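Chemist:
Numbering (the numbering used here), first residue to last: 8 to 302.
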């Protein structure tokens with residue numbers, strides 16, 4: 008019986024080692040973002056190109072509903088999602104209004120050790136602002152691209168998707184092309200304290216719900232002295248509101264507006280079970296002013 012027990016332990020150990028080896032060989036995840044939408048075959052074609060190069064690849068769709076040509080929205084989504092994924096994850100991001108022009112195609116590695124395959128148009132700006140960039144390279148090696156001359160209008164298929172798949176295979180990223188010392192980075196908008204209060208802007212609309220996400224972080228907002236339950240004077244694009252600061256949407260009646268700190272620690276404006284952006288005609292880049300708490 009003792010011998011049988013020892014044999015069982017050895018078999019269990021071998022099984023664990025085999026599983027660990029399989030896990031070690033599992034290709035990294037590619038997280039795919041674009042402004043392609045899903046009404047045509049563009050997304051599927053890019054996935055097919057990647058799977059043809061690395062059939063074991065795991066592809067996660069971040070979103071393909073970035074507003075067309077909006078590099079700024081794409082940068083926001085990338086940074087918001089990257090923090091949820093481990094080091095080694097590859098992000099394929101195609102929001103590319105300059106496709107076919109002399110703009111560069113690049114791979115960048117963030118301070119967290121994640122890879123970003125994208126056009127050099129500022130799409131990596133928000134990631135760089137938060138995590139830093141270790142290095143970047145221009146994509147010039149034709150062996151890492153789809154065979155044949157790249158289309159002038161579909162670099163997602165011909166350049167970016169193949170590069171992401173080659174990275175997932177574990178190929179040396181330095182082979183993609185020469186170092187790039189200064190990738191294009193857009194300056195992040197920051198909230199400012201003025202005599203009138205805390206001035207910021209709407210940096211995103213939260214999904215289909217129409218919530219306004221601002222660039223005012225929770226810490227700066229709390230410096231104004233507000234607490235849960237307070238009614239906060241807010242001006243959005245010149246329109247004045249007094250909004251309750253609440254923990255969650257259902258803390259106010261259905262159809263009523265509110266102020267809250269979102270899951271990423273930013274001040275946001277919403278309507279309980281409604282669409283604030285639609286109801287009040289507010290969009291991206293709208294200015295917002297939070298008045299100081301009355302003493």
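All residues carry an ideal CB built from backbone N, CA and C; glycine is no exception. Keep in mind the model is a prediction, meaning the values are calculated, not measured.
Report the option in 143, 59, 165, 102 whose CA atom is closest to the CA atom of residue 188.
Modeler: Here the question's residue 188 lines up with position 181 in the chain shown. Nearest of 143, 59, 165, 102 to residue 188, Cα basis: 143.
Chemist: Rounded C-beta distance between residue 200 and residue 293? I'm assuming under 8 Å.
Modeler: Taking the chain shown and counting its residues from 1, the one referred to as residue 200 is at position 193. Taking the chain shown and counting its residues from 1, the one referred to as residue 293 is at position 286. Incorrect: roughly 19 Å between the Cβ atoms, too far for contact.
Chemist: Using three-state DSSP, classify residue 287 as helix, strand or coil.
Modeler: In the chain shown, residue 287 corresponds to position 280, counting from 1. If DSSP states are grouped into helix, strand and coil, residue 287 belongs with the helices.
Chemist: CA-CA distance, residue 206 and residue 198?
Modeler: Working through the chain shown from its first residue, we reach residue 206 at position 199. Working through the chain shown from its first residue, we reach residue 198 at position 191. If you take the alpha carbons of residue 206 and residue 198, they lie about 5 Å apart.
Chemist: Distance, Cα to Cα, residue 163 vs residue 229?
Modeler: Counting from 1 along the chain shown, the entry for residue 163 is found at position 156. Counting from 1 along the chain shown, the entry for residue 229 is found at position 222. Those two C-alpha atoms are separated by around 43 Å.
Chemist: On the three-pair Cβ rule with 8 Å, is the region 216 to 231 touching the region 254 to 272?
Modeler: Yes: at least three Cβ pairs fall under 8 Å.
Chemist: Using 8 Å for Cβ pairs, my map puts residue 134 next to residue 89. What's the rounded Cβ distance?
Modeler: By 1-based counting over the chain shown, the position of residue 134 is 127. By 1-based counting over the chain shown, the position of residue 89 is 82. About 6 Å; that satisfies the 8 Å criterion.
Chemist: Provide the residue span of the alpha helix (DSSP H) that contains residue 229, from first to last.
Modeler: For the purposes of this step, residue 229 is taken as residue 222 along the chain shown, with counting starting at 1. Where residue 229 is concerned, the enclosing alpha helix (DSSP H) stretches over 225 to 229.
Chemist: Can you look up residue 214 in the DSSP assignment and give me helix, strand or coil?
Modeler: For this step, residue 214 is matched to residue 207 along the chain shown. Note: residue 214 maps to helix in three-state DSSP.
Chemist: Determine the burial state of residue 68: buried for a count of at least 16 other Cβ atoms within 10 Å of its Cβ, exposed for fewer.
Modeler: Reading the chain shown from its first residue, position 61 is the one you call residue 68. Answer is exposed; the Cβ neighbour count stays below 16.
Chemist: Can you tell me whether DSSP reads residue 68 as helix, strand or coil?
Modeler: Looking up residue 68 in the chain shown gives position 61. Correct three-state label for residue 68: strand.
Chemist: Between which two residues does the beta strand (DSSP E) containing residue 123 stretch?
Modeler: As a working note, residue 123 is residue 116 in the chain shown. Note, residue 123: beta strand (DSSP E), 122 to 126.
Chemist: Which same chain residues, not among the five before or five after residue 101, have their C-beta less than 6 Å away from its C-beta?
Modeler: As a first step, residue 101 is located in the chain shown; it is residue number 94 there, counting from the start. Only 41, 163, 167 meet the Cβ criterion.
Chemist: Tell me the residue span of the beta strand (DSSP E) that contains residue 247.
Modeler: In the chain shown, residue 247 corresponds to position 240, counting from 1. From DSSP, the beta strand (DSSP E) with residue 247 extends over 246 to 251.
Chemist: Hey, would you say residue 297 sits closer than 9 Å to residue 274, going by beta carbons?
Modeler: Sequence index remark: in the chain shown, residue 297 carries index 290 (1-based). Sequence index remark: in the chain shown, residue 274 carries index 267 (1-based). Contact flag set, yes.
Chemist: Residue 79: which of 211, 178, 270 sits nearest, CA to CA?
Modeler: One-based indexing of the chain shown puts residue 79 at position 72. Residue 211 is the option with its Cα nearest to residue 79.
Chemist: Around the C-beta of residue 96, are 16 or more other C-beta atoms found within 10 angstroms, so that it is buried, or is it exposed?
Modeler: In the chain shown, residue 96 corresponds to position 89, counting from 1. Answer is buried; the Cβ neighbour count reaches 16.
Chemist: Let me know if residue 278 comes out buried or exposed under the rule of 16 or more other beta-carbons within 10 Å of its beta-carbon.
Modeler: On the chain shown, residue 278 is found 271 positions in, with the first residue counted as 1. So residue 278 counts as buried.
Chemist: May I have the straight-line CA-CA distance separating residue 161 from residue 262, to the nearest angstrom?
Modeler: Position 154 of the chain shown, counted from the first residue, corresponds to residue 161. Position 255 of the chain shown, counted from the first residue, corresponds to residue 262. Using only the alpha carbons, I get a separation of about 43 Å.
Chemist: For the structure I just gave you, are there three or more beta carbon pairs, one from the region 149 to 158 and one from the region 116 to 130, closer than 8 Å?
Modeler: Contact fails: fewer than three Cβ-Cβ distances are below 8 Å.
Chemist: Evaluate residue 196 with the Cβ neighbour count: other Cβ atoms within 10 Å of its Cβ, from every protein chain shown; 16 or more gives buried, anything less gives exposed.
Modeler: Stepping through the chain shown from its first residue, residue 196 is reached at position 189. Label assigned to residue 196: exposed.
Chemist: Let me check understanding here. Comparing Cα to Cα, which of 60, 71, 37 lies closest to residue 49?
Modeler: Translated into positions along the chain shown, residue 49 becomes position 42. With distances taken between Cα atoms, residue 49 lies closest to 71.
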